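S.K.:
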Amino acid sequence: MTVFDRASITRAYDRWAPVYDLVFGKVFATGRAASIAAAESVGGQILEVGIGTGISLERYSRNNRITGIDISAPMLRKAQERVHALGLTNVDALSVMDAAKLAFADGSFDVVVAQYVITAVPDPDGTLDEFARVVRPGGEIILVNHLGAESGPRALFEAAFAPIARRLGWRPEFRFERIANWAARHGGVKLLERRPMPPMGHFSLIRFQRLAK
4 MTVFDRASIT RAYDRWAPVY DLVFGKVFAT GRAASIAAAE SVGGQILEVG
54 IGTGISLERY SRNNRITGID ISAPMLRKAQ ERVHALGLTN VDALSVMDAA
104 KLAFADGSFD VVVAQYVITA VPDPDGTLDE FARVVRPGGE IILVNHLGAE
154 SGPRALFEAA FAPIARRLGW RPEFRFERIA NWAARHGGVK LLERRPMPPM
204 GHFSLIRFQR LAK
């Protein structure tokens with residue numbers, strides 16, 4: 004069984020840092036654009052979890068304030084270089100941080116964005132709990148991710164491919180049911196949208212609103 008913990012994930016993404024934009028830039032572009040558009044519809048203080056090389060940063064309006072975190076220091080060095088090169092003065096901070104242990108006060112952000120993250124963390128439920136904690140009541144949690152098929156040939160392939168994918172830093176067999184079960188258990192969020200993304204609906208945009216206490 005392949006270990007899926009913080010250390011192994013960090014190593015995987017440290018290795019991806021030099022080539023991440025080249026390999027995944029176009030593949031994830033549609034979902035990335037959709038999640039940023041959703042975040043912009045709320046605006047304000049935006050936390051992007053798993054900011055990586057900062058490939059999303061220049062797409063945000065300069066009217067919004069952006070904080071980015073990632074588990075990989077090499078990824079964040081690329082992001083910092085991008086901030087300086089493009090003069091992105093609306094980026095407040097880029098920090099190495101565990102998504103399941105966010106060092107922010109309750110209700111610090113209007114939006115939490117996580118692109119291709121929730122299937123790549125050791126503790127998805129704990130991570131989602133942290134997203135809900137740091138977003139203000141009325142604010143949104145915006146996820147975009149590959150979600151595993153419920154049945155059929157793709158589900159079988161994803162299950163077979165899972166051990167290899169875990170070495171690369173993600174879970175292809177991760178299904179929406181797990182996110183829905185988290186929301187039901189948490190009780191403080193409302194599902195606003197679940198929208199399939201190209202290609203062929205293998206990726207989904209998911210939006211939750213943080214309910215008032």
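Sequential numbering of the sequence shown, starting at 4, is according to the numbering used here.
For every residue, glycine included, the Cβ atom is placed at its ideal position computed from N, Cα and C.
Please read these numbers as outputs of a predicted model, since none were measured by experiment.
Going by Cα to Cα distance, which pick from 117, 127 and 138 is closest to residue 145?
M.R.: As a first step, residue 145 is located in the sequence shown; it is residue number 142 there, counting from the start. Of the listed residues, the one whose Cα sits closest to residue 145 is 117.
S.K.: Could you tell me if residue 99 is buried or exposed, where buried requires 16 or more neighbouring beta carbons within 10 angstroms of its beta carbon?
M.R.: In the sequence shown, the residue the question calls residue 99 occupies position 96. With fewer than 16 other Cβ atoms within 10 Å, it is exposed.
S.K.: For residue 139, which option in 68, 112 and 48 has the closest C-alpha, if you only look at C-alpha atoms?
M.R.: Position 136 of the sequence shown, counted from the first residue, corresponds to residue 139. For residue 139, the nearest C-alpha among the options comes from 112.
S.K.: Would you list the residues sitting across from residue 70 in a DSSP beta bridge?
M.R.: For the purposes of this step, residue 70 is taken as the residue at position 67 of the sequence shown. DSSP, once it has assigned bridges, lists 50 and 96 as partnering residue 70.
S.K.: Decide yes or no for the touch test of the segment 121-133 against the segment 88-98: beta carbon pairs closer than 8 Å, at least 3 of them.
M.R.: Touching, no, given that fewer than three Cβ pairs across the two stretches are closer than 8 Å.
S.K.: Which residue from 143, 149, 142 and 101 puts its Cα closest to that of residue 122?
M.R.: Start at 1 with the first residue of the sequence shown, and residue 122 comes out as number 119. For the residues 143, 149, 142 and 101, the minimum Cα distance to residue 122 belongs to 149.
S.K.: Which word fits residue 180, buried or exposed, when buried means at least 16 other C-beta atoms lie within 10 angstroms of its C-beta?
M.R.: Numbered from 1 along the sequence shown, position 177 holds the residue referred to as residue 180. Exposed, since its Cβ has fewer than 16 Cβ neighbours within 10 Å.
S.K.: So for residue 157, helix, strand or coil by DSSP?
M.R.: Counting from one through the sequence shown, the residue named residue 157 turns up at place 154. Any reading at residue 157 must be qualified, since the residue scores a pLDDT of 47, below 50, and its modelled position is unreliable; no value is offered.
S.K.: Could you say which of 56, 63, 57 and 58 lies nearest to residue 44 if we only look at CA atoms?
M.R.: Along the sequence shown, one-based indexing puts residue 44 at 41. The option with the nearest alpha carbon to residue 44 is 63.
S.K.: Across the segment 35-43 and the segment 73-88, are there enough close Cβ pairs to call them in contact, namely three or more that are closer than 8 Å?
M.R.: The segment 35-43, when compared against the segment 73-88, does not touch it at the 8 Å Cβ threshold.
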